[in-house]
Amino acid sequence: MTSIRIGTRTSQLAMVQAEHVKSELERYHSGDKFDIHSMKTLGDNVLDKPLYTFGGKSLWTSELEAVLLDSSIDMIVHSLKDVPTTLPEEFEIAAILKREDPREALVMKAGSPYKSLKDLPKGAVVGTSSLRRIAQLKRAYPHLQFMSARGNLNTRLAKLDNPASEYSCLILAAAGLIRLGFKERITMYLESPELFYAVGQGALGIEIRKNDKNILSLLEPLVDIPTTYECIAERSLMRTLEGGCSIPIGVNCSYNNGMLTMKSTVTSVNGEEQVA
């Protein structure tokens with residue numbers, strides 16, 4: 003029996019995603035043993051400021067890559083949207099799994115009479131830490147204010163629902179809400195052209211040491227071809243535009259019947275200019 007170690011972050015969502023990968027691997031490789039090893043990253047530890055103000059996507063990956071490199075773990079399960087489009091030369095993305103709903107979700111405060119962003123009164127506070135979301139929504143809803151909202155999903159929902167909270171709503175990735183069992187909290191979905199989602203949003207990517215043929219072979223049954231084509235195209239676009247957490251790039255991509263269709267947008271930080 004081979005023992006395989008799966009690395010992940012310690013957040014509730016990351017653990018649920020790693021458990022999903024573990025279950026899939028056990029389904030295809032019942033003779034092997036799979037264990038989850040979790041750790042905090044810099045992105046987990048710095049919660050008092052928006053991500054785009056202090057670093058890039060490597061905030062979520064570098065500590066895990068260090069233990070992958072020294073063979074303490076054999077693979078890392080990532081939310082693909084958090085993975086830099088250019089990896090250190092020692093690593094590769096070996097598998098991209100079937101995508102969950104990539105759209106954005108509007109979550110209103112519990113008991114709110116409002117059902118959409120356009121219904122909110124002038125000056126209402128929308129919680130999100132994504133520069134991409136803020137830039138696009140400033141353009142569409144200039145009457146609203148935007149404030150950072152970080153932390154795990156339960157923490158953010160609790161902040162939102164606190165009667166003393168200034169937040170009227172949150173904008174969150176639908177995939178995370180669905181995976182954690184909070185689908186019923188979605189007031190409505192936001193999609194293009196109103197709000198383009200993040201590159202790789204809703205997809206899980208598994209990072210390994212480059213050319214680790216044994217792990218590549220184990221992961222092969224988990225690969226979803228349509229999602230892989232979509233995410234390769236999206237990540238190629240972001241790499242070409244040199245985008246990351248600090249550049250508001252959004253996409254909408256689909257692969258159907260052998261045809262890949264991608265729409266994208268780049269918005270100025272203040273929301274006043276947009277190229278689509």
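At position 37 of the sequence shown the residue is numbered 39 (our numbering), and the sequence of numbers has no breaks.
Ideal Cβ placement from N, Cα and C applies to all residues, glycine included.
- Distance from the CA atom of leucine 162 to the CA atom of glutamine 276, rounded to whole angstroms, is 30 angstroms.
- Secondary structure of serine 238 (DSSP, three-state): helix.
- Burial state of proline 223 is exposed, judged by a 10 Å Cβ sphere holding fewer than 16 other Cβ atoms.
- Measuring C-alpha to C-alpha distances from glycine 33 to each of Leu174, Ser5, Glu102 and Pro115 identifies Ser5 as the nearest.
- Counting the other CB atoms within 10 Å of its CB gives aspartate 121 a total below 16, which places it among the exposed residues.
- Of the candidates Arg105, Asn216, Ala20 and Cys233, the residue whose Cα lies closest to the Cα of proline 195 is Arg105.
- The beta-bridge partner set that DSSP reports for lysine 265 consists of Asn254.
- By the beta-carbon neighbour count (other beta carbons within 10 angstroms, threshold 16), lysine 117 is exposed.
- A direct Cα-Cα distance of roughly 8 angstroms separates proline 123 from histidine 145.
- Residue pairing from DSSP places lysine 35 in a beta bridge opposite Ser5.
- At least 7 angstroms separates the beta-carbon of histidine 39 from that of isoleucine 78.
- For glutamine 147, no alpha helix (DSSP H) segment is defined; the enclosing uninterrupted segment is the beta strand (DSSP E) at 147-149.
- Exclusion of the five residues before and after arginine 134 leaves Ala200, Pro250, Ile251 and Gly252 as the residues of its chain whose Cβ lies within less than 7 angstroms of its Cβ.
- CA-to-CA, the gap between cysteine 171 and valine 128 works out to about 5 angstroms.
- Taking 7 angstroms as the cut-off, the beta carbon of isoleucine 95 is found no closer than this to the beta carbon of glycine 202.
- In the three-state reduction of the DSSP assignment, tyrosine 30 falls in the helix class.
- Each residue's CA atom was taken as its position, placing threonine 189 and threonine 130 some 16 angstroms apart.
- Here DSSP, grouped into helix, strand and coil, assigns alanine 68 to helix.
- With fewer than 16 other Cβ atoms from the protein chains shown falling within 10 Å of its own Cβ, alanine 278 counts as exposed.
- Per DSSP, the beta bridge partners of threonine 10 are Ser40.
- In the three-state scheme derived from DSSP, where H, G and I count as helix and E and B as strand, leucine 108 is classed as strand.
- The three-state reading of DSSP puts glutamine 203 in coil, since its state is none of H, G, I, E or B.
- When the Cα atoms are used, threonine 269 and isoleucine 227 turn out to be separated by approximately 30 angstroms.
- Under DSSP, glutamate 274 forms no beta bridge with any residue.
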